[in-house]
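Taking it in order: structure first as structure tokens, then the write-up.
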Amino acid sequence: MDYTTIQISRSTREKLNGLRAYKRMTYDELLNALMSLIPEGDEEGVYTENFRASLLRGLLDVKEKKTHTTEEVKKQLGIQ
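The opening residue of the sequence shown carries number 140 in our numbering; numbering runs sequentially from there.
Following this line, the structure appears as structure tokens:
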């Protein structure tokens, strides 16, 4: 496999380090894991109707205040 060097800021590197699933996870593994979360679309970022619909439902839930903060959920679960 061929590798290349990319330039990222220190703050970006620290954010990436915080996302690692395990200590020795490579940036290549991490970036591939993150990219696997992106729904399938074409090269120009066109996503499936399902994805767009779920995104719109989520935005509507936020707008209608049908969401809960992390603190609210922790309180409900008794894990303060």
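Glycine included, C-beta positions come from ideal geometry on N, C-alpha and C.
- Annotated three-state conformation of Y186 is strand, per DSSP.
- The three-state reading of DSSP puts D141 in coil, since its state is none of H, G, I, E or B.
- Boundaries for A160: no alpha helix (DSSP H) harbours it, and the DSSP string shows neither H nor E there.
- Annotation: the continuous alpha helix (DSSP H) that includes K214 extends over T209 to L216.
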